[in-house]
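In this note's numbering, the protein residues as written are 1 to 309. Heads up, the beta-carbon is just placed ideally off N, CA and C, and yes, glycines get one too. Read through the structure below, which is laid out as structure tokens, and then see the notes.
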Amino acid sequence: MLSRTAENLYWMGRYMERAECTARLIEMGHRMAMVPGSWSDDEWRSVAAASGSADLFDKDAAITDAAILRTLMLDLDNPSSIRSCLRQARANGRAVRNALTRDMWETLNEGWRRLDEVDVAGAQRDLRTLLDWIKGRAIMFRGAASTSMLREDRYDFLLLGAHVERADMMLRLLDVKYYVLLPETEVVGGGRDYHQWTSLLHATSALRAFHHVYRGDYSPWKIADFLILNRAFPRSVAFCYDQIGHFLDRLARGYGQRHVCHFTASEMIARLGDLEMGEIFQQGLHDFITGTIATTRRLNAEIYRAYHF
1 MLSRTAENLY WMGRYMERAE CTARLIEMGH RMAMVPGSWS DDEWRSVAAA SGSADLFDKD
61 AAITDAAILR TLMLDLDNPS SIRSCLRQAR ANGRAVRNAL TRDMWETLNE GWRRLDEVDV
121 AGAQRDLRTL LDWIKGRAIM FRGAASTSML REDRYDFLLL GAHVERADMM LRLLDVKYYV
181 LLPETEVVGG GRDYHQWTSL LHATSALRAF HHVYRGDYSP WKIADFLILN RAFPRSVAFC
241 YDQIGHFLDR LARGYGQRHV CHFTASEMIA RLGDLEMGEI FQQGLHDFIT GTIATTRRLN
301 AEIYRAYHF
């Protein structure tokens, strides 16, 4: 496969996943801002920080929900906004149209301009509907890929990009919780703390799956354990890295060569397999998250070099 085709597929997977995860991030921030006694500026600032967009907001001015929606959902000048991600995913798909199935292309193409017709006031008014629509587009795209695409290198690059992005964004969602609690540790274990942790489960569509594993025990360390180390939940960091390793191994077998990225992924998979949640909390959840985000960024750069993106 041409490296340009591989890169387009890889980034198509990343952009669709990023659009969905940013929608989940906004949903989580909105839930947290609704908690009695919360400071919405703190909640939205944490969303901006976790999304990697903190530098797009004035440090001395309050961040409102309108500013978040303008920047993270609608702003075409922000390459990580949902609107930009959907546009870029479609542009990548258009560049490799022959590599996509009809169902995949129709999912990318249908309704892609919907956010062009939405302003900030409209986004505030119809927030839940818009977030559900964004998540639905990503789910439909994954479904189309899963049911219609040959299991060859095109599929491997698409799903590799999606899981690299999902691992990164899950870590960022977890970091929202850290940023929110950082200024006021006395709320740990209180009602607001409980609501914030369960908001994280809602935002990742994990509430029912978590309840199946842990029943009614919504303690922070068990929620963190589920979202980081549970290898059966498809949004956990451990599951994502298992999938990254799987698709990199398939590419290694197909192309007959292993690269640095393969060893980085293997080391991370082994590390996640050896860790326990108590150890992560003891060492510092935030330190673990930022360190793993740095490893994921390094892995992305190594994939670039290995496959000549």
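Host alpha helix (DSSP H) of residue i (start-end)
i	result
H211	207-214
E279	277-283
S3	3-33
R102	102-109
S146	127-148
D249	237-255
V260	260-274
A232	Here A232 belongs to no alpha helix (DSSP H), and DSSP marks it neither H nor E.
D119	Neither: D119 is in no alpha helix (DSSP H) and is coded neither H nor E.
I63	Here I63 belongs to no alpha helix (DSSP H), and DSSP marks it neither H nor E.
C-beta atoms of residue i and residue j nearer than 9 Å
i	j	result
L174	L251	no
G273	A232	no
M1	D168	no
W44	A33	yes
I139	A23	no
S80	S51	yes
R312	T107	The question about residue 312 has no answer here: the residues shown for the chain are numbered 1 through 309.
L25	R172	yes
I82	L115	yes
Y218	W197	yes
G29	V176	yes
A89	A19	yes
L74	V118	yes
W112	R128	no
D65	Q124	yes
E27	L150	no
Own chain residues within Cβ distance below 8 Å of residue i, not counting five before or after
i	result
M277	W221, K222, A224, D225, I228, L229
G161	L9, Y10, W11, M12, G13, R14, E17
D249	H262
R258	A252
R235	R166, M170, T204, S205, A206, L227
S53	T71, L72, N78, S80
W105	G93, R97
Residue i (DSSP reduced to helix, strand or coil)
i	result
L182	Because L182 sits at a pLDDT of 45, beneath the cut-off of 50, its placement in the model cannot be relied upon, and the following sentence gives the value as read from the coordinates. Here L182 sits in coil by DSSP.
S84	helix
P220	helix
L323	Since the first and last residues shown for the chain are 1 and 309, residue 323 lies out of range.
T204	coil
L76	coil
G189	Confidence is the limiting factor: at G189 the pLDDT is only 48, short of 50, which leaves the residue's position unreliable, though a coordinate-based value still follows. G189 falls in the coil class under three-state DSSP.
T292	helix
F51	First, the amino acid is wrong: residue 51 is Ser here, not Phe. In this structure, S51 counts as coil in the three-state DSSP scheme.
F57	coil
R97	helix
E302	helix
A91	helix
H308	coil
E43	helix
T198	helix
E165	helix
R151	coil
Close-in-space but distant-in-sequence residues of the same chain around residue i (CB under 6 Å, 5 per side omitted)
i	result
F247	D156, L159, L160
R31	S199
Q243	H163
R70	V120
D103	A144, S148
L56	T71
V260	E302
I289	L171, L174, D175
Own chain, CB closer than 7 Å to residue i, minus 5 neighbours either side, in chain order
i	result
N300	V164
Y241	A167, A265, M268, I269, L272
Y307	S3, A6
F141	M16, M104, T107, L108
E184	Reliability fails at E184, whose pLDDT of 44 lies under 50, so the model's placement of it is uncertain and no value is given.
I63	D41, W44, R45, A48, F57
Within-9 Å CB hit, residue i to chain B
i	result
R208	Going by chain labels, chain B is absent from the structure shown, which holds only one protein chain.
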